[in-house]
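Chemist: Handing you a structure now.
Residue numbers (this note's numbering): 202 to 755.
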């Protein structure tokens, strides 16, 4: 801000050179030039420090916010993920957080710059020529009104743009995840057409937003240009009338006005950033303010032994309003094995989800060690459970790390032992890189049966107190199933085990067997007891006996 003053000083030296010697003129001009250069260098240094400070801090804010959002995602229950799409969740933690960072960094920095320059420049200008200053700032109120009107419109359109970005992310994520289905059904043309329609709409919404944002810069230039014209005309008239002593004052004012050009021009850009950040932060807050349905009610450590009791448990899924369980009661002692059989949709998997406290019951109660399940430390509960889901999910990492996911500090020997017990070791060794083979997304590198067996290895390596197997042998042949069951029988000794299956062969060695139908227990007992009673279990036994032969069942 010193530069314009010394430009005026140079004009004054030239205007008053008649009364000065050449050496004096040279000395004063050199002094003014050195001040200008010095001010520019110092300004450059401080601008660098300012950017390093504020922009760096904005990156830390982005880092913290992404971690906060991710931590919240981790806390939220399965119901949340059933109601929200993956693409939308990803967009909020990437695009929306990025827009908030732009507010916390560039927007704040340029706002400080603009306010500082305006205040100091107007004070200097007013001290030099109050009347000329008033004419110079005439366009500013007009600018404020325009910014206010445009900002409201930008906010509205920015929210719509973000929503369409989420839709695009969701569509592409689902398409990539289901690419095998898309190719198998030969629906690539339809999928491409749907994507084209969605991206076209998104483009139109983006252009709708940009058309408003594009008005800012031309308006800034027009108003700054108007200020320059007013300075030249009004200042010139005042100089002619003797109200201003030097032409240097007009030059000083023109430099001030042009120094304010960029900050004023950024007002529109900053306003746009603020509006977009506000829309994005609202979207982020929608999720951050959601209270997790499953909460850890106990801070201290709780002991899990494996005794499980269901007392008149009923449960209904919120998203579908389907009652999955109706007054279900049973008891498993620590170290016992329970097999659950039943038709599809009878509520088998729901029991496993409730034991892992992925949901809370609607009525009745679940007891672990004769203590209500929600009175156990949630971390302790899940740390003592080994869970193999029906749809085996593997991460895009090495096979070894996927198995070690159940126990991070496991040794290579423990990994191999778990793989052998899951009857997948021989398959793994056939890969070029063996256990270091990196899997594709969702474990696409492996077959269905191999994925299930790696999931079993992942569950048993942690040696938990409770093992939950959700129809995890459906994709393996009967011979391999028999080998895995023999190994599991040795491994699960002393551990509470619940096996959900459609095969009698998986259930026959269990201490207790229950049969579910429409969310209710319709049969209960041991294998020997149930095959002597007419019902679903006997029918299934006889059917599978005829299909595979008696040697495979007994």
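Quick reminder that beta carbons are idealized off the backbone N, C-alpha and C, glycines included.
Small disclaimer: the values here were computed from a predicted structure and weren't measured.
1) How about the stretch 559-576 and the stretch 724-732: do they share at least three Cβ pairs that are nearer than 8 Å?
2) Helix, strand or coil for residue 587 per DSSP?
3) By how many angstroms is the C-alpha of residue 746 removed from the C-alpha of residue 753?
4) Please classify residue 734: does DSSP put it in a helix, a strand, or coil?
5) As a quick exercise: from 289, 299, 421, pick the residue whose alpha carbon is nearest that of residue 366.
6) Since residue 697 and residue 537 should fall inside the 8 Å C-beta cutoff, what is the C-beta to C-beta distance between them, to a whole number of angstroms?
7) Over what stretch of residues does the beta strand (DSSP E) that includes residue 505 continue unbroken?
8) On the criterion of 16 or more Cβ atoms from any shown chain inside 10 Å, does residue 483 qualify as buried, or is it exposed?
9) Within the stretch 603-675, note down every full alpha helix (DSSP H) run reaching 4 residues or more, in order along the chain.
10) By alpha-carbon positions, which one of 659, 361, 654 ends up nearest to residue 678?
11) List the residues that DSSP assigns as beta-bridge partners of residue 517.
12) Do residue 341 and residue 436 have their C-beta atoms within less than 8 Å of each other?
13) Output needed for residue 743: all residues of its chain with C-beta closer than 8 Å, excluding positions within five of it in sequence on either side, in chain order.
14) So what does DSSP say about residue 699, is it helix, strand or coil?
15) Between the C-alpha atoms of residue 651 and residue 269, what's the straight-line distance to the nearest angstrom?
16) Have a look at residue 446 and residue 330 and give me their C-alpha separation to the nearest angstrom.
17) What is the DSSP secondary structure of residue 241, reduced to helix, strand or coil?
18) Are there any heavy atoms of the ligand PLP lying less than 7 Å away from the beta-carbon of residue 286, as far as the coordinates show?
19) Can you give the Cα-Cα distance for residue 770 and residue 248, rounded to whole angstroms?
20) Please name the residue or residues paired with residue 572 in a DSSP beta bridge.
21) Using the beta-carbon count (16 or more within 10 Å), is residue 620 buried or exposed?
22) How far does the alpha helix (DSSP H) with residue 443 in it reach, from first residue to last?
23) Could you give the DSSP three-state label for residue 720: helix, strand or coil?
24) For residue 403, collect the residues of the same chain with a Cβ closer than 6 Å to its Cβ; drop the 5 residues on either side in sequence, then sort them by chain order.
25) Count the C-beta pairs between the stretch 507-522 and the stretch 560-570 that are closer than 8 Å, then say yes if the count reaches three, no if not.
26) In chain order, what are the residue ranges of uninterrupted beta strand (DSSP E) at least 3 long that sit wholly in the stretch 386-428?
27) Smallest Cα separation from residue 505: which of 457, 556, 227?
28) Just curious, the beta strand (DSSP E) that residue 495 is in, first and last residue?
29) Just the Cα atoms here: how many angstroms apart are residue 699 and residue 659?
30) Would the beta-carbon of residue 464 fall within 8 Å of that of residue 314?
31) Would DSSP call residue 753 helix, strand or coil?
32) What does the Cβ neighbour count give for residue 751, buried or exposed, with the cut at 16 atoms within 10 Å?
33) Can you tell which of 554, 511, 277, 542 has its C-alpha closest to the C-alpha of residue 534?
34) Given a threshold of 16 other Cβ atoms within 10 Å of its Cβ, counted over all protein chains shown, does residue 251 qualify as buried or as exposed?
35) Residue 297: which of 393, 487, 229, 405 sits nearest, CA to CA?
36) Rounded to whole angstroms, what's the CA-CA distance from residue 461 to residue 319? Just pull it up for me.
Modeler: So, from the data block:
1) Judged by Cβ distances under 8 Å, the stretch 559-576 makes no contact with the stretch 724-732, as fewer than three pairs qualify.
2) Note: residue 587 maps to strand in three-state DSSP.
3) Interpretation of residue 753 is limited by its pLDDT of 44, a score under 50 that renders its predicted location unreliable; no figure is taken from the coordinates.
4) In the structure shown, the three-state DSSP call for residue 734 is coil.
5) 289
6) Their Cβ separation, rounded to whole angstroms, is 6 Å, which keeps residue 697 and residue 537 in contact under 8 Å.
7) Neither: residue 505 is in no beta strand (DSSP E) and is coded neither H nor E.
8) exposed
9) 613-622, 626-630, 649-661
10) 654
11) 524
12) For residue 341 and residue 436, no; Cβs fall outside 8 Å.
13) none
14) strand
15) 36 Å
16) 10 Å
17) helix
18) Among the components of this structure there are no ligands whatsoever, and the ligand PLP is therefore not found.
19) Because the chain spans 202 through 755 in this model, residue 770 falls outside it and cannot be assessed.
20) 569
21) buried
22) Run containing residue 443: none; DSSP gives neither H nor E here.
23) coil
24) 365, 369
25) yes
26) none
27) 556
28) Looking at the DSSP string, residue 495 is not in any beta strand (DSSP E), and its letter there is neither H nor E.
29) 16 Å
30) yes
31) With a pLDDT of only 44 at residue 753, under the threshold of 50, the placement of this residue in the model should not be trusted; the figure read from the coordinates follows. Three-state result, residue 753: helix.
32) In this prediction, residue 751 scores a pLDDT of 47, lower than 50, which makes its location untrustworthy; no coordinate-derived value is stated.
33) 511
34) exposed
35) 487
36) The straight-line gap from Cα to Cα measures roughly 7 Å.
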